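What follows is a set of notes on a single structure, which appears directly below.
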Amino acid sequence: MRPDLSHEIELSPPFHDIDLMEVVWHGHYVKYLELARCALLAKFDYDYPQMLASGFAWPVVDMRLKYVQPALYGKTLKIRAEITEWENRLRIDYVIRDASTGRKVNQAHTVQVAVSMATKELQYICPPVLWQRLGVKPE
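Just so you know, we're using UniProt numbering here: the sequence shown kicks off at 1 and counts up by one.
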């Protein structure tokens with residue numbers, strides 16, 4: 001049975017994230033994804049410090065966001081992050097919802113690749129330490 005590779009966080013956009021149109025400025029969504037990604041990876045004890053200690057950097061090489069409706073100040077958001085690929089790259093899919101209504105605000109995904117800290121070379125297959133931490137095998 002495959003382990004649950006998802007995690008959800010809640011946050012309320014702070015006032016300083018709001019633009020002149022009185023909605024969350026689009027660039028701040030990236031920060032919210034990062035918070036969800038770190039919480040997800042921490043669940044598997046493989047957040048950025050553990051990645052570095054294992055000898056790998058994991059830069060984000062692709063990020064896509066689709067804005068469905070605006071996030072508002074004073075509203076709580078639920079951000080769900082789920083690892084959907086782990087063999088050759090680490091892909092995480094996200095859904096941001098208004099916590100009170102359940103309505104989708106944004107959907108996104110990020111792609112990260114492993115880079116050896118010793119050689120600075122891209123790894124075309126994710127290192128086994130990722131699979132061990134996630135409790136999965138390559139597909």
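Using N, Cα and C, we set each Cβ at its ideal position, and we do this for glycine too. None of these values were measured; they are calculated from a predicted model.
Whole-angstrom distance between residue j and residue i, CA atom to CA atom
i	j	result
E87	K43	19 Å
H109	Y29	12 Å
L134	R64	24 Å
M51	P127	10 Å
A81	T119	30 Å
Range of the contiguous alpha helix (DSSP H) that encloses residue i
i	result
L33	H28 to K43
L11	No alpha helix (DSSP H) contains L11, which is instead part of the beta strand (DSSP E) from S6 to L11.
Same chain only: Cβ atoms within 8 Å of residue i, ignoring 5 sequence neighbours per side
i	result
V60	T110, V111 and Q112
residue 159	One cannot answer for residue 159 here, as it falls past the ends of the chain, which runs 1 to 139.
Among the options, nearest to residue i - alpha-carbon criterion
i	options	result
D98	F56, A53 and K78	K78
P69	E34, G102 and D62	Note that residue 69 is Gln in the sequence shown here, rather than Pro. Nearest C-alpha to Q69: G102.
Y48	E121, A114 and P138	A114
Same chain only: Cβ atoms within 6 Å of residue i, ignoring 5 sequence neighbours per side
i	result
I96	L77, I79, V105 and N106
Residue i: first and last residue of the uninterrupted beta strand (DSSP E) it sits in
i	result
V60	V60 to Y67
V111	K104 to Q112
Neighbourhood of residue i by C-beta, 7 Å cutoff - its chain only, sequence neighbours within 5 removed
i	result
A39	H7 and I9
Review point. Just checking, does the region 21–40 make contact with the region 68–79 on the three C-beta pairs under 8 Å criterion?
Key: yes
Point to revise | Inter-stretch contact at 8 Å, needing at least 3 Cβ pairs: the region 4–20 / the region 82–100 | key: yes
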